[in-house]
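Report on the following structure.
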Amino acid sequence: MTERALEGVKVLDLTHHIAGPYCTKLMADFGAEVLKVERPGGDPARRMAPFLHDEADPEKSLVFAYLNTNKQSVTLNLKSEKGIQVLKSLVEESDVLVENFAPKVMPSLGLDFETLHQINPSLVMTSISNFGQTGPYRDYKAADIVEYALGGLMYIFGAYDREPLKHAFNQAQFKAGTDAASATLMATYHQRLTGEGQRVDVSIQEAVATGLRDVVNNFTYTGAVRRRQPNHSGDLTRMRASADGHFLPNPGMGAGLNWDNVVDFLGLPELDDEKFNTPSARLANAEELGRILDEYFIKQNKYDIFYASHKRRFIFGVVQSPEEVMADPQFQARNYFVDIDHPALGTLKYPGAPFEMSATPWEARSPAPTLGEHNQEVIGQRLGHTPEQLAQMRAMQII
Amino acid sequence: MSGPLAGIRIIEMGQLIAIPFAMKLLADMGAQVIRLESTGRLESYRADSVYQNDVSGEFWNKGANFYEQNRNKLGITLDLTKPEGLQVLRELIAVADVFSENFTPRVIKNFGLEYEDLKKIKPDIIMVSSTGYGFYGPWANFGATGPATEGAAGLAYQTGYLGGPPVMAEIPYTDYTSGEHTVFAVMAALMHRLRTGQGQFVDISQTQATSATIPEVLMDYSANGRSGQRMGNQDTAMSPHGCYPCRGDDRWLTMAVATDDEWQAVCRVLGQEGWAADPRFEDSLSRWKNRDELDALIGPVTSPWDAHELMHALQKEGVAAGAVLDSKDLLFDPHLNEREFYEVVTHHDSTGIPPLPYAGRPWKLSKTPAVKGKAAPLMGEHNALVLSDLLGKTAGELAALEEAGIIGYGPTNPRPVQRPSLDEQVRQGRMQRYETDFEEQVRRAFPG
């Protein structure tokens with residue numbers, strides 16, 4: 002059997018949507034035993050598009066399938082007394098509990114940290130929420146765009162004279178999920194050394210606000226408020242269009258920029274001119290420079306120029322479409338996309354290891370669970386409920 | 124309080140953000156992080172964004188982003204191009220738990236610092252390499268910037284205004300994404316070592332870590348052969364979902380409306396009874412289908428509002444809304460401050476920098492909180508401490524190392540980045556504005 006980094010770490014996973022499930026996915030993919038507790042209707046992410054062939058079936062959500070690999074699923078109605086009772090017996094045998102409800106939910110279910118801590122004093126309880134468990138915005142609602150705005154990333158993102166922009170999809174949720182996984186392991190490390198449990202409070206807003214450069218410190222160091230940057234056509238590192246897409250030139254910056262080398266690499270003798278051969282000349286003639294570069298680059302193939310640049314140790318980048326990402330030779334050499342077989346989705350390629358570990362590799366042991374797939378095994382066999390009791394719980398919509 | 128990672132020693136050969144950011148977060152939680160620097164090859168964050176834009180004197184101890192990324196670390200200088208310098212590094216690795224670096228594999232191989240080499244010095248060492256595209260493979264030795272990996276990962280392709288080209292964050296965004304994954308990776312490796320006594324090699328590809336966070340499109344392509352179009356701030360299900368103008372210069376509000384109740388609340392707060400009854404917007408599907416029309420109607424109505432007042436008014440009615448905070452708003456945000464997100468750090472007297480607040484961490488641990496923040500090291504600040512206390516070198520040996528240029532206290536070729544004056548930066552549009560009384564404002568809000 003492969004060594005697993007998080008072997009023996011038992012996680013009770015009360016999370017839903019994205020941030021929480023990504024946290025527990027990271028742990029599960031590196032070997033933790035993650036038991037996902039879903040409401041009887043299932044994690045709302047099961048209803049999230051895209052679906053396989055656009056069939057809106059709770060077992061066919063692609064994002065759900067990605068976020069829940071290597072986990073087991075039981076259903077439990079936490080609004081019933083029996084459901085809470087079952088949950089508390091699961092808490093007794095867990096090392097970690099992760100949840101991402103709104104902050105008022107767990108206490109309202111009688112599942113506040115103090116109560117759970119009494120049941121299991123070594124429990125690490127991680128809560129991920131929009132704005133954290135305290136403070137005036139604690140109960141405010143959010144979506145990824147609101148976290149971008151209140152996390153400070155949006156104001157400096159996008160065109161100078163247009164509305165601020167955010168990244169596509171759910172980046173703030175993923176950031177917070179990753180942070181929560183890290184913080185959970187820090188607390189679990191302490192637990193393994195001392196037997197002591199504790200509470201971990203992760204804020205999605207703070208996950209965004211932690212990862213900024215030249216933002217708050219522009220103000221504290223100089224009093225300046227940075228804006229979305231104007232797009233100078235002569236900017237040598239600006240994204241350019243090629244014949245087949247876009248790429249990122251990077252001829253070196255500051256002292257690392259040698260204009261003769263740039264001119265030689267591009268093969269554009271008209272740039273070997275005093276209009277362009279110093280930074281101040283390039284700034285003064287930015288428009289003309291930009292025009293020459295645009296006309297040249299639009300005729301190039303982005304991969305040709307990307308590979309050619311690296312031969313000269315210019316660190317150009319290439320903007321890849323999803324199709325190109327999946328065909329990327331670097332990803333292929335590293336076996337990044339892995340086949341996972343799922344009962345309703347069949348075999349599909351999934352993004353695999355976010356990083357590689359030599360002794361304890363990332364692995365796909367099992368696909369995302371179907372809803373309540375492990376009710377019998379966990380609530381029945383592990384917790385010792387008879388088939389009759391299980392049938393009764395099903396009838397009472399507890400599972 | 125010593126933090127949950129007290130007793131763990133990390134040797135960091137980092138630069139810029141990807142590794143320094145991750146190691147800072149581990150240092151915050153109690154790990155002893157010893158950061159290596161070169162006096163010959165100056166870390167560029169030491170020489171840029173300096174305090175008050177003043178590059179006179181020891182500017183290399185005044186760089187904003189160096190302080191931002193290196194809190195709570197010890198700093199030593201070592202010239203690794205000389206055998207004596209490499210020897211000191213090997214001695215440090217022999218007493219370390221983790222060695223982390225973010226240079227290209229070519230550099231690490233040239234120094235003889237691959238995992239197989241380190242294992243001979245310290246059998247249970249955990250080595251972490253963070254590179255643009257991964258430590259092996261045909262692109263392994265391609266240098267990369269944050270934007271390059273944002274492009275390679277597939278994130279940039281999907282981001283941008285409707286009908287426009289790809290757009291990227293104006294920070295090295297993927298440095299942070301991969302840094303966040305690096306913290307997790309180090310913790311996972313430490314958990315494994317705690318149980319088994321074994322070290323290992325962790326190979327972080329900044330591109331892989333980023334692609335792991337966009338399953339929405341990669342899974343869709345994998346299953347359905349489809350890639351979505353760039354949608355600006357619009358969402359695939361919610362509408363309204365966007366960024367709308369508010370009162371003042373460059374002020375904005377975001378909102379995301381999921382349900383009919385929330386939509387009715389928006390109409391109430393904005394005083395638009397007509398919208399509430401308009402069949403084009405009656406349910407979430409019709410609002411989504413008519414989202415362009417809806418966005419065009421909302422902008423003129425939010426324009427007279429103060430962004431913060433509108434945010435609070437909408438949130439009171441249960442609508443997800445947030446003002447777009449600029450850097451000053453973010454620093455003084457009452458919620459972040461109530462949660463003590465910013466941490467005031469005292470700088471060395473010689474820098475002339477007063478105590479300043481810095482962003483903390485996105486987590487709070489109730490029993491084992493972060494250690495009290497100490498400023499990033501001056502160049503070479505802990506040479507003597509580390510080399511004598513940890514490695515047992517004598518004063519004579521230290522003097523010999525300094526004499527030979529193996530250790531030092533300043534760059535051998537000091538070249539600062541002189542930014543244009545603030546007036547010029549505002550004229551160029553790089554800065555929205557500047558405030559001359561910022562020191563007083565910061566001191567009042569963060570007395571330290």
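One line per chain: the protein sequences are A and B, in this order.
Residue numbers for the first sequence, in the working numbering: 2 to 400.
Residue numbers for the second sequence, in the working numbering: 124 to 571.
Just so it is clear, CB atoms sit at the ideal spot from N, CA and C, and this is done for glycine as well.
This one's a predicted model, so the numbers in the text were calculated from it and none came from an experiment.
- For Y297/A, not one C-beta of chain B is nearer than 8 Å to its own C-beta.
- Sequence-distant Cβ neighbours of M152/B in its own chain, meaning closer than 7 Å and more than five residues away, are G126, P127, L128, A493.
- Taking a contact as a CB-CB distance under 8 Å, the pair Q174/A and Y23/A counts as one, their CB atoms being some 7 Å apart.
- With a cutoff of 8 Å on beta-carbon distance, A184/A and V209/A are scored as not near each other.
- T559/B and A50/A have their C-alpha atoms some 49 Å from each other.
- Cβ proximity to chain B below 7 Å picks out F132, G133, T135, G136, P137, Y138, Y141, K142, A143 from the stretch 115-143 of chain A.
- Under the three-state reduction of DSSP output, C390/B falls in the helix class.
- A check of alpha carbon separations from I421/B across Q438/B, K439/B, R391/B identifies R391/B as the nearest.
- Contacts with chain A (Cβ-Cβ distance below 9 Å) from the stretch 200-218 of chain B involve no residue at all.
- Of the residues assessed, H375/A falls on the buried side of the cut-off, its CB having 16 or more other CB atoms within 10 angstroms.
- Taking C-beta atoms under 8 Å as the contact rule, S123/A and L384/A fail to qualify, at a distance of about 20 Å.
- Residues of chain B whose Cβ lies closer than 7 Å to the Cβ of Q321/A are, in chain order, G274, A275, G277, Y280.
- Identification of chain B residues near Y161/A by a Cβ-Cβ cut-off of 7 Å yields G552, ordered along the chain.
- A distance below 6 Å between beta-carbons, with the five flanking residues on each side excluded, links G355/B to the following residues of its chain, in chain order: Y284, L285.
- Bounds of the beta strand (DSSP E) holding G445/B are 443-446.
- Per DSSP, reduced to three states, the secondary structure at Y222/A is helical.
- One alpha carbon belongs to A154/B, the other to V221/B, and they sit about 10 Å apart.
- DSSP, read as helix, strand or coil, puts Y284/B in coil.
- Take G277/B, set aside five residues on each side of it, and the residues of its chain with a beta-carbon closer than 7 Å to its own are S334, I337, V340, L341, in chain order.
- Note on geometry: alpha-carbon atoms of L53/A and D342/A lie some 13 Å from one another.
- By the beta-carbon neighbour count (other beta carbons within 10 angstroms, threshold 16), Q331/A is buried.
- Interface with chain B (8 Å Cβ-Cβ cutoff): P51/A is included.
- Residue-level contact check: V87/A does not touch chain B, since none of the beta carbons of chain B fall below 8 Å from its beta carbon.
- With a threshold of 8 Å between beta carbons, E339/B makes contact with chain A.
- Under the three-state reduction of DSSP, E558/B is assigned to coil, being neither helix nor strand.
- Interface residue (Cβ-Cβ distance to chain B less than 8 Å): Y304/A is not classified as such.
- I157/A is positioned such that its CB atom lies closer than 8 Å to that of R229/A.
- Cβ-Cβ separation between F144/B and F220/A: approximately 20 Å, too far for a contact (criterion under 8 Å).
- The criterion of a C-beta distance shorter than 8 Å is not satisfied by L36/A and V92/A.
- At the C-beta level, R553/B and P477/B stay beyond 8 Å of one another.
- In this structure, the CA atom of P231/A is about 8 Å from the CA atom of D162/A.
- Under DSSP, S426/B shares a beta bridge with no residue.
- Shortest Cα-Cα distance from T268/B to any of Y296/B, I248/B, K242/B, K245/B involves Y296/B.
- Note that the C-beta distance between N193/B and R158/B is below 8 Å.
- If you compare the alpha carbons of P165/A, M187/A, G246/A with that of P289/B, the shortest gap goes to G246/A.
- DSSP, reduced to helix, strand and coil, places V320/A within a strand of the structure shown.
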